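Novice:
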Amino acid sequence: MKKQGVNVGIVGYGTVGAGTAKILLRKQKDLERKLGFPVVLRRIADLDTKRDRGVKLPAGVLINDAKALLHDPEIDIVVELMGGIHPAKEFILEAIGNGKHVVTANKALLATEGRDIFKAARKNGVDVGFEASVAGSIPIIKVVRESLIGNNIRSISGIINGTSNYILTKMTEEGVDFSATLKEAQALGYAEADPTFDIEGIDSAHKLTILASLSFGIPFSFKKIYTEGITKITPLDIQFASEFGYRIKLLAIAKQDGNNIEMRVHPTMLPKDHLIASVNGVFNAIYIEGDSIGPHLYYGKGAGEMPTGSAVVSDIADIARSIKTSAGSITGVNIPENPDLKIKKMEDIRTCYYLRFSALDKPGVLSRISGILGGRDISIKSMIQKGRKIEKAVPLVMMTHEAREKDMAQALKEIDRLSVVSGKTVYLRVEGGED
Ligand code: HSE
Numbered sequence: 003m004k005k006q007g008v009n010v011g012i013v014g015y016g017t018v019g020a021g022t023a024k025i026l027l028r029k030q031k032d033l034e035r036k037l038g039f040p041v042v043l044r045r046i047a048d049l050d051t052k053r054d055r056g057v058k059l060p061a062g063v064l065i066n067d068a069k070a071l072l073h074d075p076e077i078d079i080v081v082e083l084m085g086g087i088h089p090a091k092e093f094i095l096e097a098i099g100n101g102k103h104v105v106t107a108n109k110a111l112l113a114t115e116g117r118d119i120f121k122a123a124r125k126n127g128v129d130v131g132f133e134a135s136v137a138g139s140i141p142i143i144k145v146v147r148e149s150l151i152g153n154n155i156r157s158i159s160g161i162i163n164g165t166s167n168y169i170l171t172k173m174t175e176e177g178v179d180f181s182a183t184l185k186e187a188q189a190l191g192y193a194e195a196d197p198t199f200d201i202e203g204i205d206s207a208h209k210l211t212i213l214a215s216l217s218f219g220i221p222f223s224f225k226k227i228y229t230e231g232i233t234k235i236t237p238l239d240i241q242f243a244s245e246f247g248y249r250i251k252l253l254a255i256a257k258q259d260g261n262n263i264e265m266r267v268h269p270t271m272l273p274k275d276h277l278i279a280s281v282n283g284v285f286n287a288i289y290i291e292g293d294s295i296g297p298h299l300y301y302g303k304g305a306g307e308m309p310t311g312s313a314v315v316s317d318i319a320d321i322a323r324s325i326k327t328s329a330g331s332i333t334g335v336n337i338p339e340n341p342d343l344k345i346k347k348m349e350d351i352r353t354c355y356y357l358r359f360s361a362l363d364k365p366g367v368l369s370r371i372s373g374i375l376g377g378r379d380i381s382i383k384s385m386i387q388k389g390r391k392i393e394k395a396v397p398l399v400m401m402t403h404e405a406r407e408k409d410m411a412q413a414l415k416e417i418d419r420l421s422v423v424s425g426k427t428v429y430l431r432v433e434g435g436e437d
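Going from the sequence shown to the working numbering is simple: count from 1 and add 2.
Okay, here's the thing in structure tokens:
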């Protein structure tokens, strides 16, 4: 008898696996009504078959043998939600080799090994859906690949790590301690298995790799992205930023300038009235500029069981539709690659800066610092000096006009050698305001 529905097997029953299972089971009838055929959760494979995930699975669905799932002839779509590179990559390639479509939320895997996966999928004529790999519930992959296909994207930037945004928000609003907040984000299921990925900007860089590849056709270039995390952000800098009218956010930024693509992840000061500056907690936001559409902003929860599960289910539904209607690939595995594009060196980017010097409160200090900045073509926009001493020095805080990263690095090296400056100067890049 011909099979009526589309069968799904999930490998990895963690936070996102549980969210996906909840949606597939609790909304089974709803999904069938919307799609016109059933989507059946046939198997979930995980080594831990005992832990309660708050889902009542039908008997026999949960197994501990991933290989059995990958080779089950009844399964049409394999959903990889185990994370990590190995054996996730091997499992996906095995599923593809067995003619199964794949859905994955694994940004680390796609950013580093995506080429092999898409190549295998093209060879075997199957789809790979990866909506859940970037920005959780925001359908940004669909937007960039489908909705904005009539645009040349000029820039794409935003907050694409919920954990670090959650931490920075708590630090800003409640002045709480960094590590306590990280523990909360872990307990809520937002953080990566290795939370350094979140706080060191690595997770954002994985996601930016995918977005930049789809937006500009730059081959997956994770290793070439300049990446800096939020671990050095202090309450003092959050407070000074606020006094200047800014918020500090971990931004992922990709911009096209002719044949050059700029890609970077770092803490960034944004004017308080910038739309992205008010994106708080676990929320993500992505700002896109396209030549036909102008600016667009996308906002939603970027992590968590149900928001990410929702994105996984959208890929399952897309692929299921394409299987049932023989409409061909909907999500598609053609990742554009433009050989003419080059990645701009970080030292060549231009941006405005926030600088916090620890200077001795003596006559002439300011002129020495401003002299070095001026000598490198760096112009000061505004400045505050606080009377309070921190270990004999006073914080001297400046905002600059746009300058080249290389000039700034050299100027700071020189300034930090001055006998009237104690400790390393803190600097943050500034975006989104007038120069
Ligand atoms: N650890 C990620 C985050 C999960 O905090 O955004 C979603 O990719």
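Ideal Cβ placement from N, Cα and C applies to all residues, glycine included.
Predicted, not measured: the structure shown is a model, and the values here were computed from it.
Going by C-alpha distance, which of Val422, Ile374 and Lys383 is nearest Asp409?
Specialist: Ile374
Novice: Leaving out five residues before and five after Met3 in sequence, what residues of the same chain have Cβ atoms less than 7 Å from its Cβ?
Specialist: Note that Met3 scores a pLDDT of 47, beneath 50, so its modelled location is shaky and nothing firm can be said.
Novice: What's the C-alpha gap between Arg249 and Tyr429?
Specialist: 14 Å
Novice: Given a cut-off of 8 Å on the beta-carbon distance, is the pair Leu26 and Val315 in contact?
Specialist: yes
Novice: Since Arg266 sits in a beta bridge, which residues does DSSP pair it with?
Specialist: Answer is Tyr228 and Ile255.
Novice: I need the DSSP call for Met3, collapsed to helix, strand or coil.
Specialist: Bear in mind that a pLDDT of 47 at Met3, under 50, signals an unreliable position, so the number given afterwards is only what the model happens to contain. DSSP places Met3 in coil when its eight states are reduced to three.
Novice: Find out if the Cβ-Cβ distance for the pair Ile94, Val104 is shorter than 8 Å.
Specialist: yes
Novice: Can you list, in chain order, the residues of its chain whose CB lies under 6 Å from that of Ile87, leaving out five sequence neighbours each side?
Specialist: Leu111
Novice: Confirm the yes/no value for this check: CB of Tyr192, any heavy atom of the ligand HSE, distance under 7 Å.
Specialist: yes
Novice: Could you check where the alpha helix (DSSP H) with Asn286 kicks off and where it finishes?
Specialist: Careful: Asn286 lies outside any alpha helix (DSSP H), inside the beta strand (DSSP E) at Phe285 to Gly292.
Novice: Looking at the structure shown, is Pro397 part of a helix, part of a strand, or coil, going by DSSP?
Specialist: strand
Novice: Return helix, strand or coil for Pro273, following the three-state DSSP convention.
Specialist: Three-state result, Pro273: strand.
Novice: What would DSSP say about Pro297, mapped onto helix, strand or coil?
Specialist: strand
Novice: Whole angstroms are fine: how far does the CA of Gln188 sit from the CA of Asn108?
Specialist: When rounded, the distance between both Cα atoms is 18 Å.
Novice: Flag this pair as yes or no: are the beta carbons of Gly7 and Val42 separated by less than 8 Å?
Specialist: yes
Novice: Terminal residues of the continuous beta strand (DSSP E) containing Phe359?
Specialist: Start and end: Arg352 to Leu362.
Novice: Can you grab the Cα-Cα spacing for the pair Ala256 / Gly62, in whole Å?
Specialist: 46 Å
Novice: Given the structure, does Pro163 come close to the ligand HSE, in the sense that its CB is under 7 Å from one of the ligand's heavy atoms?
Specialist: The sequence as given places Asn at residue 163; Pro does not occur at that position. It does: the Cβ of Asn163 is within 7 Å (strictly closer) of some heavy atom of the ligand HSE.
Novice: Quick check: what's the CA-CA separation for Lys31 versus Gly19?
Specialist: Between the alpha carbons of Lys31 and Gly19 lies a gap of roughly 20 Å.
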